[in-house]
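First residue of the sequence shown: 2, per the numbering used here; consecutive thereafter.
Backbone N, C-alpha and C fix where the C-beta goes; we use that ideal spot for every residue, glycine too.
Since the structure comes first, as structure tokens, the remarks are kept for the end.
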Amino acid sequence: MKIQSTVVSYINRSVQLSVLVLSLAASSIVFGVSHASVDDHGEHDALQVSALTVTWGDYQTFTDVKPANGMRKAYAESTFKTLEEYMHKLAANLPQGHTLAMTITNLDLAGRVLPGSFTGLGLHSADMIRVIKTIDIPRIEFTYEYKDANGIVLKSDTVNLKDMSFMTGHNPLFSSDSLKYEKNMLRKWFKDTFASSFS
2 MKIQSTVVSY INRSVQLSVL VLSLAASSIV FGVSHASVDD HGEHDALQVS ALTVTWGDYQ
62 TFTDVKPANG MRKAYAESTF KTLEEYMHKL AANLPQGHTL AMTITNLDLA GRVLPGSFTG
122 LGLHSADMIR VIKTIDIPRI EFTYEYKDAN GIVLKSDTVN LKDMSFMTGH NPLFSSDSLK
182 YEKNMLRKWF KDTFASSFS
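Here it is as structure tokens:
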């Protein structure tokens with residue numbers, strides 16, 4: 002009887018220990034899933050909710066969104082996408098809950114596209130190239146509306162943005178960036194307009 006009782010007791014303890022281990026493992030699994038879900042959900046929200054919305058006008062009416070080579074529509078779409086991605090980075094500095102809506106009505110890229118024979122680089126006239134000179138400044142025209150977290154309009158305006166000193170002023174962007182002048186112009190506008198949000 003004593004041996005049987007000892008065996009039963011040992012079995013009971015083994016079962017209790019197994020239950021405890023399984024319980025702890027289950028808790029760890031549930032916690033891990035819950036933690037991952039929160040992270041995934043948070044990241045999803047961050048991608049879905051942005052401080053900035055940008056609406057682009059008809060590229061065909063814009064002053065200069067011309068490619069040196071390739072189709073104009075594809076070049077315009079690529080240019081808009083690149084500039085908009087940069088504007089989203091700038092808008093990330095705005096206070097939590099604030100929103101900025103921009104409607105771009107005109108874009109005039111720095112420089113101008115000319116036949117290669119006009120550049121003095123020994124190119125054929127059929128070859129096109131964008132030539133950057135101080136006279137051909139970058140310009141962006143747009144309207145914007147800036148609201149706080151309660152939807153109250155804090156600022157709104159029609160802007161004709163241009164950079165007369167685009168070739169001589171400070172530009173922190175890479176020299177290889179084909180849109181460095183336009184991006185720097187936008188960077189300075191964001192910093193001047195929303196000074197309290199930028200260091």
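Cβ neighbours of residue i in the same chain (closer than 8 Å, five flanking residues each side left out)
i, result
"Ala150", "Pro96, Gln97, Gly98 and His99"
"Leu187", "Leu84, Tyr87, Met88, Leu91, Ile141 and Leu162"
"Ser51", "His89 and Ala92"
"Val154", "Glu146, Tyr147 and Lys148"
"His42", "Only weak support is given to the placement of His42: the predicted model assigns it a pLDDT of 33, under 50, and the question is left unresolved by the model."
"Thr80", "Val66, Leu108, Leu110 and Leu180"
"Gly58", "Thr104, Ile105, Thr106 and Asn107"
"Asn70", "Met129"
"Gly170", "Asp164 and Asn185"
"Trp190", "Val160 and Leu162"
Sequence-distant residues of the same chain with beta carbon closer than 6 Å to residue i, five excluded per side
i, result
"Tyr76", "Pro68"
"Tyr60", "Val66 and Ala77"
"Tyr145", "Met103"
"Asp128", "Gly117"
"Lys184", "Tyr87 and Leu174"
"Val160", "Phe143"
"Val20", "Per-residue confidence for Val20 stands at a pLDDT of 39, beneath the threshold of 50, marking its modelled position as unreliable; the derived number appears in the next sentence. Closer than 6 Å at Cβ, skipping near neighbours: no residue."
N- and C-terminal bounds of the beta strand (DSSP E) containing residue i
i, result
"Met88", "Careful: Met88 lies outside any beta strand (DSSP E), inside the alpha helix (DSSP H) at Arg73 to Ala92."
"Asn161", "Val154 to Lys163"
"Thr1", "Since the first and last residues shown for the chain are 2 and 200, residue 1 lies out of range."
"Tyr147", "Arg140 to Lys148"
"Leu95", "Where Leu95 is concerned, there is no enclosing beta strand (DSSP E), given that its DSSP letter is neither H nor E."
"Val55", "Leu53 to Trp57"
"Met129", "Met129 to Val132"
"Pro116", "Arg113 to Pro116"
Integer-rounded CB distance, given that residue j should sit under 8 Å from residue i
i, j, result
"Phe63", "Leu115", "No, Phe63 and Leu115 are not in contact; Cβ-Cβ is about 18 Å, not under 8 Å."
"Lys134", "Tyr147", "That pair is no contact at about 34 Å."
Boundaries (first-last residue) of the alpha helix (DSSP H) holding residue i
i, result
"Phe175", "First-last for Phe175: undefined, no H or E at that position."
"Thr194", "Lys181 to Thr194"
Residue i and residue j closer than 8 Å at C-beta
i, j, result
"Thr56", "Ile105", "yes"
"Phe167", "Ile136", "no"
"Leu101", "Leu180", "no"
"Tyr182", "Asp164", "yes"
"Val132", "Gly152", "no"
7 Å CB neighbourhood of residue i in its chain, flanking five on each side removed
i, result
"Asn172", "Lys181 and Asn185"
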